[in-house]
Amino acid sequence: MSTNPKISIIVPVYKAEAYLHRCVDSLLAQTFTDFEVLLIDDGSPDNSGEMCDEYAAKDNRVRVFHKENGGVSSARQYGLDNAQGEYLIHADPDDWVEPTMLEELYEKAIQDNADMVICDYYENRHHGQCYKSQRPNRMDAPTVLWQILFQQLHGSCCNKLVRRVCYSQYGLEFPREVSLWEDLYVNCRLLMQDIHISYLDRAFYHYDLHSNAGSIVRTPSLGNIRSQLYVINWFERHLPDTAYAPAIFNMKAAIKEQAFRAQLPPNLSKTYTQKSTPNTSHTEKVYTSVTV
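If you want the working numbering, it's the position in the sequence shown, counting the first as 1, plus 107.
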């Protein structure tokens, strides 16, 4: 592995022993070889951490980090803080990728001098596989932001190759208080900047909706809803344009339905946001009222 690989792949790992091999094996089988895989063991209580160490012992492109459990957002940020690649992409441990993913995405990024390359992806369920096109209406950040907020495009980090310097250039971090929608939050914040976007009409990433039925993403909980409210609250404060209001309204309506179906409190009145104090690195928690 070179000192500064072309691509960093961040994989947050928690209770993933049943399917981690499939994910990591697909990453190490890439036709493109100048990359690093960062396996972030988020205090997993099963054998996932040991499995990560076994990969690192066999392949020097694998770097393993063991940390106390802090949630998927903190794991993604830990990976970002330690990534060395020119570009980076994320993969979840219960998913897998096609062998030419990195080669084709990087080739497109260099060809177009892109800050973000978006590609299609697959949804895999027990009854089969579905191809999900992610072609933007236009190749500009405001259009992609609008389409993601209106759920016409996926907000995931797993089908987007991003120039790593963009995160530091625009001061982007994954919010540690969030256990859901952390990727939507970061991608939307990135798309509020003047970045160069490219699109590749190929699918490489397999989003598994069957194997890990108990995934936090698919299990309604009070913590998940509070995370979603955190993100919505940020959107309301930083996207005042009325063009986004219907999307935010739809998000709130969906959360209210989730709460109702899961028999959770329908009126979650307290969540919090992060506010940076001017001219310092201090971050304070500011409580605000958010009614779904």
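Glycine included, every Cβ here is placed at the ideal spot set by N, Cα and C.
Residue range of the beta strand (DSSP E) that includes residue i
i	result
N231	223-232
V285	Element bounds for V285: n/a, residue is neither H nor E.
F172	169-174
D149	142-149
A310	304-315
R270	267-270
Whole-angstrom distance between residue j and residue i, CA atom to CA atom
i	j	result
P353	N294	19 Å
Y121	D149	6 Å
T349	N266	28 Å
A163	Y274	26 Å
S376	Y292	In this prediction, S376 has a pLDDT of 42, which is less than 50 and means its spatial position is unreliable; what the coordinates show is noted afterwards. Spanning the two alpha carbons is a distance of roughly 21 Å.
T250	H261	13 Å
R170	L127	15 Å
R245	N154	45 Å
K113	Q335	33 Å
N111	G186	15 Å
P119	Q184	10 Å
Q254	Y351	10 Å
A216	F257	26 Å
E289	F281	6 Å
D132	R333	35 Å
S115	N189	9 Å
R242	A310	11 Å
Selection from the options that minimises the alpha carbon distance to residue i
i	options	result
Q365	S328, W341, P200	S328
P152	K174, Q191, F142, V131	K174
G278	F172, L298, N111, E230	L298
I302	N220, R368, F172, P282	N220
Y194	G186, N340, Y213	Y213
D315	G235, S286, Q218	G235
R283	E230, Y312, Q254, V338	V338
H317	H233, F142, I117	H233
H313	K239, E143, K165	K239
V285	N231, V144, S115, W341	W341
R344	N167, I117, R296	R296
I147	R270, F311, F172, L287	F172
F142	I117, R129, L346, C130	I117
Q259	I362, N357, K165	N357
Residue range of the alpha helix (DSSP H) that includes residue i
i	result
D199	First-last for D199: undefined, no H or E at that position.
P243	Looking at the DSSP string, P243 is not in any alpha helix (DSSP H), and its letter there is neither H nor E.
F367	352-368
S115	Taken as a continuous stretch (DSSP letters only), S115 belongs to no alpha helix (DSSP H), being part of the beta strand (DSSP E) at 114-120.
N331	329-345
N189	179-189
S263	From DSSP, S263 is part of no alpha helix (DSSP H); its letter is neither H nor E.
Y213	208-219
E193	Looking at the DSSP string, E193 is not in any alpha helix (DSSP H), and its letter there is neither H nor E.
Exposed unless 16 or more other CB atoms sit within 10 angstroms - verdict on residue i
i	result
C237	exposed
G192	buried
V272	exposed
Q276	exposed
F367	exposed
Below-8 Å beta-carbon distance, residue i vs any chain C residue
i	result
K113	Any reference to chain C falls outside this structure, which holds one protein chain only.
Q) Pairing CB atoms from the stretch 223-232 with CB atoms from the stretch 177-193, are three or more of them under 8 Å? A) Cβ pair count under 8 Å is below three, so no.
**Q.** At least 3 beta-carbon pairs within less than 8 Å: the stretch 155-174 vs the stretch 121-131
**A.** Yes: at least three Cβ pairs fall under 8 Å.
Q.
Taking contact to mean 3 or more Cβ pairs, one atom from each stretch, closer than 8 Å, check whether the stretch 195-215 and the stretch 128-139 are in contact.
A. The answer is yes - the stretch 128-139 touches the stretch 195-215, with three or more Cβ pairs under 8 Å.
Q) Does the stretch 292-311 come close enough to the stretch 194-202 to have 3 or more Cβ pairs within less than 8 Å? A) Output reads no: the stretch 194-202 does not touch the stretch 292-311.
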